[in-house]
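One structure is given here, and the rest of the page talks about it.
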Amino acid sequence: MAMWDKIKDQAKTFQQSQGTRGASGSGQGSHGPAGSGRSGSSSGGSKAQLIGMFKSQLASAKNELKSGAYRDASMAMCALVAAADGRVEPAERQRVEELIVSNEVLQNFPADQLRQRFNQHVDRLLANFEQGKAEALQVIAKAAKKPAEARAVVQTGMVVAGADGSFEPSEQYAIREACTALNIPPSEFGV
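Using the UniProt record's numbering, the final residue of the sequence shown is 191, and nothing's skipped along the way.
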């Protein structure tokens, strides 16, 4: 639970730093209702809040996230998270596919493009995990040129990883590796 609290604080700070770009000081109010009083009561709530926050951060950047680099990197990220424990059940694959095609930001891209890229990475990871992972991280690294896209790739991974209500150590590790590939300190996402 402590980890989620840590991520929440960091995400809050991140949100404030995003908010202060437009008008200085306006970011201060943003942390009022989200965490006040409720965060201690159940860690499930804070996880859901956190995933909601990443989703809204992604949604607010939707118009900037139309590049092929973001599309490909986020699909590689989703595959890494899905296969983080070395296996992907058909039901899990389907669940992640549904998350991908229903994701507001990823609707910038045709669903079949997303499915194809996601499944290609999953198949490679299942055939040879180390090699598949190296290939996925190479694709992820291509998004490093634009910090907003790089962060969005990690946020997409976090949304997919947290969608089932648990955030496994193997998923955290996959996100940490992606952060490294993107030159983002993993601590920014609390992993």
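Each residue gets a CB set at the ideal place from its N, CA and C atoms; glycine is no exception.
C-beta atoms of residue i and residue j nearer than 8 Å
i, j, result
"G162", "I51", "yes"
"V154", "L114", "no"
"G86", "F129", "yes"
"L125", "A134", "no"
"A61", "A152", "yes"
"V139", "A76", "yes"
"S67", "E168", "no"
"V159", "V122", "no"
"L65", "V105", "yes"
"A84", "K142", "no"
"C78", "V96", "yes"
"R176", "P185", "no"
Neighbourhood of residue i by C-beta, 6 Å cutoff - its chain only, sequence neighbours within 5 removed
i, result
"Q172", "V191"
"S170", "A84, D85"
"S74", "V153, T156"
"P33", "Note that P33 scores a pLDDT of 40, beneath 50, so its modelled location is shaky; the value from the coordinates is reported in the next line. None."
"G132", "R124, L125"
Boundaries of the alpha helix (DSSP H) in which residue i is found, first to last residue
i, result
"N119", "111-127"
Same chain, Cβ closer than 7 Å to residue i, neighbours up to 5 away in sequence not counted
i, result
"A59", "E104, V105"
Cβ shell of residue i (< 8 Å), same chain only, five flanking positions each side left out
i, result
"A178", "M77, L80, L137, I140, V153, V154, G157"
*Could you tell me which uninterrupted alpha helix (DSSP H) segments, each at least 4 residues in length, are contained entirely in the UniProt domain "Co-chaperone DjlA N-terminal" (72-189), listed from first to last along the chain?*
90-102, 111-127, 129-141, 147-162, 169-181
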